[in-house]
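Which chain is which? The protein sequence lines are A and B, in order. Residue numbers for the first sequence follow our numbering, beginning at 1 and rising by one. Residue numbers for the second sequence follow our numbering, beginning at 1001 and rising by one.
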Amino acid sequence: MSTRARKIALFVGLVLLFAFPLLGDRFYVQFISKILIMTIFAGSLNLLVGYTGLISLGHAAFFGMAGYVLALYSPHTEAAGLLTSLLLSVGCAALLALLIGSLVLRTSGIFFIMATLAFAEMLFYLFHDTAIAGGSDGIYIYQRPVLMIAGWQPFDLANFVHFYYLVLFFSLAAIVCIHTILRSPFGRVIAGIRVNEQRMSALGFHTYRYKLVCFVIAGALAGLAGYLAAAQFGVVNPEMLGWHVSGSVLMMVILGGMGTLAGPVLGAFSLMMLEESFQTITKHWQLLTGAVIVAVALYLPRGFAGLLPKRATSDQAVPPGVAGARRSAAAARRPDV
Amino acid sequence: MHAGQLQRLGVLMSEVVLQTRGLSRHFGGLAAVDGVSLSCRMSEVHAVIGPNGAGKSTLINLLSGDLRPSAGRVFLRGEDVTGLSSPRISGLGVGRSYQRTNVFLPFTVFENCRLAAQSRLATSMRFFRQAARYRAVSDAALRVIEQVGLARQADRPVETLSHGEQRQVEIAMTLATDPSLLLLDEPLAGMGAEESVQIVELLRTLAGDHAILLVEHDMDAVFALANTLTVMVNGAVLESGEPQAVRSNRRVQLAYLGEHVAAKPVLTDGDHARF
């Protein structure tokens, strides 16, 4: 039954998301687009924090990097090509993750947290204090990227409904992608690393390589989110790669439930909707947000995802049809001497 | 010449899998392992015994790549592997078990062994197909689970098993990596009598086509299995050779076996029959 409950909840959620723009309210459609972008971002961080056990406080570096690449690549007078700019942005974020990851993954524990934070801050000051991309004011993207297929333009990113569906597509694709990876041999390796990295080494896994590849995948997905965020509002500034953004996306992962597929989605929706509604009540809204976070930490150790019905079947069960030799060990190999 | 000696003669003619030369490891001023030279051949069970703190576990850590030696060399089939990392050593066909159970507690028995078996894929950088669909890996996992006698617990998380059963998982995982050289660090410690008998039987079977370096405190098991016996004291080898000869060696009796021999006969007629 609980599996069925999960399926119904998933179906209802999807119908609501697909139908939402029918409301037609520009502000709310854009607001949900923003949240959906954050679900990709939080999902990518969850790959590190929840599944591999790597707590990064500098994940905004990849988010912001992709945004800056789009802004710097876009010409002033015409629109950038969507496919090229997207591939370039995500590629640069992945490359940056490869560079930073290859260094920070040589540390662990608290040192890893500090190292990720340090690299992200270095990038923040690079864009904040130099004139590469408008310094502290940031840089504008004058025309949104355009997808042209043989002279035909299937959608227009300046149209908020079109943009919403594009973001919805990417956020669903990201979840499917993460889900697939987690069930693959690679996904099992990172789960093993989270639980007992030393034993993984002893079993013959070069854990550093797997952590690095995971870091790059997470960086690339964060880059996808950063690209969409930059395309949505047409402006990129250094705050996008600051520790505040890194902290807030980490909060979404923890609030929603680390190491669960639904966690980052629930976390992004709840945190952003709470903030939005608290802001209408009081200008001290951060106090209220803080109180909610403390309450969740105290009473929902597994986050909001812990409230969902549990899955009935385990990924770890012996798959049907697998049969070892049903013989006793002593009889199997050779007779006694 | 009885059967044990005959078998030993056969072992002496087979390939040397593991050899160490003057292997040492110092922790500060302490020589935990001090100039140990030993070898282990295919089909040989080389038991290493000694009092607590003799350096037996450190020796295994040096051989498995968990620790780097301060001096000396390690050879696998004649190839110098000194100082290689543990994943590299594991890749060369060396499997080790831990004295203190070192497994993936939240995972099921099956997943623990499946993960161990998965390490034998050429690479696990595979992102699309479900891990459960790799039949050869799942089959290998289930085979070792049956070998150690945990088939009925396969779908249970390891943290819900008894201590003895967790020890069996430990051994199953080591076997799942399909090693040719087994480094077993007190495999029987904490196991019930019934499971012990089963594991001793399993090790005897495995000895046919494996080289086994066995650190064990259970003397009955040691004398039932070993072709070669090495006694370590204070990090160094005190005596090494054919088990009966080592056992009757006076220095060994004084240094280590003395109290044990006094308490009860180490080897009964029944044990002789088993050789």
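For each residue, glycine too, the CB sits at the ideal point set by N, CA and C.
Which listed residue (A:248, A:8, A:52) has its alpha carbon closest to that of residue 345 of chain A: This structure cannot speak to residue 345 of chain A, because chain A is shown only from 1 to 337.
Residue(s) in a DSSP beta bridge with residue 1047 of chain B: The secondary-structure analysis by DSSP pairs residue 1047 of chain B across a beta bridge with B:1214, B:1229.
Which residues DSSP lists as bridging residue 1040 of chain B, in chain order: According to DSSP, which records beta bridges pairwise, residue 1040 of chain B is partnered with B:1018.
Contacts that residue 1164 of chain B makes with chain A (C-beta to C-beta distance below 9 Å): Within chain A, no residue has its CB atom less than 9 Å from the CB of residue 1164 of chain B, the nearest being about 17 Å off.
Below-8 Å beta-carbon distance, residue 179 of chain A vs any chain B residue: Not closer than 8 Å to any Cβ of chain B, the Cβ of residue 179 of chain A fails to qualify, so no.
Interface flag, residue 215 of chain A vs chain B, CB-CB below 8 Å: So no, residue 215 of chain A is outside the interface.
Residues near residue 268 of chain A by beta carbon distance below 6 Å, same chain, minus five either side: Contacts found: 35, 38, 39, 42, 252.
Residue 1109 of chain B vs residue 1153 of chain B beta-carbon contact at 8 Å: Yes, these two residues count as a Cβ contact at 8 Å.
Exposure of residue 164 of chain A, with buried meaning 16 or more beta-carbon neighbours within 10 Å: Buried is the call here.
Under the three-state DSSP convention, the category residue 44 of chain A falls into: Residue 44 of chain A falls in the helix class under three-state DSSP.
Touching by the beta-carbon criterion (3+ pairs, under 8 Å), the region 1182-1196 of chain B and the region 1118-1131 of chain B: By the Cβ test, the region 1182-1196 of chain B is not in contact with the region 1118-1131 of chain B, since fewer than three Cβ pairs between them sit closer than 8 Å.
Residue 347 of chain A burial status per 10 Å Cβ neighbour count (16 or more: buried): Any answer about residue 347 of chain A is impossible in this case: the structure gives chain A only from 1 up to 337.
Endpoints, the alpha helix (DSSP H) within which residue 129 of chain A is located: That run of the alpha helix (DSSP H) goes 110-129.
is_contact[residue 317 of chain A, chain B] using C-beta, thresh 8 Å: For residue 317 of chain A, the answer is yes, since a Cβ of chain B falls inside 8 Å of its Cβ.
Completely contained alpha helix (DSSP H) runs for the region 1140-1219 of chain B, where each covers 4 or more residues: Within the region 1140-1219 of chain B, the complete alpha helix (DSSP H) runs of at least 4 residues fall at 1163-1176, 1193-1206.
CA-to-CA distance, residue 219 of chain A to residue 265 of chain A, given in whole angstroms: One C-alpha to the other measures close to 18 Å.
Per-residue contacts from residue 1071 of chain B into chain A (C-beta, under 8 Å): For the C-beta of residue 1071 of chain B, not a single chain A residue is nearer than 8 Å; the gap to the nearest is close to 23 Å.
Per-residue contacts from residue 1121 of chain B into chain E (C-beta, under 9 Å): Absence of chain E from the displayed structure is noted, the protein chains being A and B.
Meets three-Cβ-pair contact criterion under 8 Å: the region 216-231 of chain A and the region 71-91 of chain A: Segment contact: the region 216-231 of chain A against the region 71-91 of chain A, three or more CB-CB distances shorter than 8 Å; contact assigned.
Paired residues, beta bridge with residue 20 of chain A - DSSP: Paired residue(s): none; residue 20 of chain A is not in a bridge.
Nearest to residue 1211 of chain B (by Cα), restricted to the options B:1193, B:1219, B:1179: Looking at the Cα atoms, B:1179 is the closest of the given residues.
Members of the region 1127-1147 of chain B that neighbour chain A once the beta carbon cut-off is set at 9 Å: Answer in chain order: 1127, 1128, 1129, 1130, 1131, 1132, 1133, 1134, 1135, 1137, 1138, 1139, 1140, 1141, 1142, 1143, 1144, 1145, 1146, 1147.
Distance between residue 1203 of chain B and residue 214 of chain A (C-alpha atoms, nearest Å): Residue 214 of chain A and residue 1203 of chain B have their C-alpha atoms some 38 Å from each other.
Residue 244 of chain A classed as buried or exposed, judged by whether at least 16 other C-beta atoms fall within 10 angstroms: Under this definition residue 244 of chain A is an exposed residue.
Residue-level contact to chain B via CB, residue 203 of chain A, 8 Å cutoff: Judged by the 8 Å Cβ criterion, residue 203 of chain A is in contact with chain B.
Beta-carbon neighbours of residue 1155 of chain B, restricted to chain A and to distances below 8 Å: By Cβ distance, chain A contributes 314, 316, 317, 318.
The beta strand (DSSP E) enclosing residue 1073 of chain B, as first and last residue numbers: Annotation for residue 1073 of chain B: the continuous beta strand (DSSP E) segment containing it runs 1071-1076.
Pair within 8 Å by beta-carbon distance, residue 1086 of chain B and residue 202 of chain A: Yes.
Backbone secondary structure at residue 1025 of chain B - three-state DSSP: Under the three-state reduction of DSSP output, residue 1025 of chain B falls in the strand class.
Beta-carbon proximity of residue 50 of chain A to residue 116 of chain A, cut-off 8 Å: Residue 50 of chain A places its beta carbon 8 Å or farther from that of residue 116 of chain A.
Within-8 Å CB hit, residue 206 of chain A to chain B: At least one chain B Cβ lies under 8 Å of residue 206 of chain A.
Rounded separation between residue 1275 of chain B and residue 1018 of chain B - CA only: Note on residue 1275 of chain B: pLDDT 34, under 50, position unreliable in the model; the coordinate value appears next. Approximately 24 Å, taken between the alpha carbons.
Exposure of residue 307 of chain A, with buried meaning 16 or more beta-carbon neighbours within 10 Å: By the neighbour-count rule (16 or more Cβ atoms within 10 Å), residue 307 of chain A is not buried but exposed.
Minimum Cβ-Cβ distance from residue 1249 of chain B to chain A less than 8 Å: By this cut-off, residue 1249 of chain B is not an interface position.
Under 9 Å by beta carbon: chain B residues contacting residue 196 of chain A: Chain B residues near residue 196 of chain A: 1102, 1103, 1104, 1105.
Interface residues of chain A facing residue 1013 of chain B [CB-CB closer than 9 Å]: By Cβ distance, chain A contributes nothing, its closest Cβ being about 16 Å from residue 1013 of chain B, past 9 Å.
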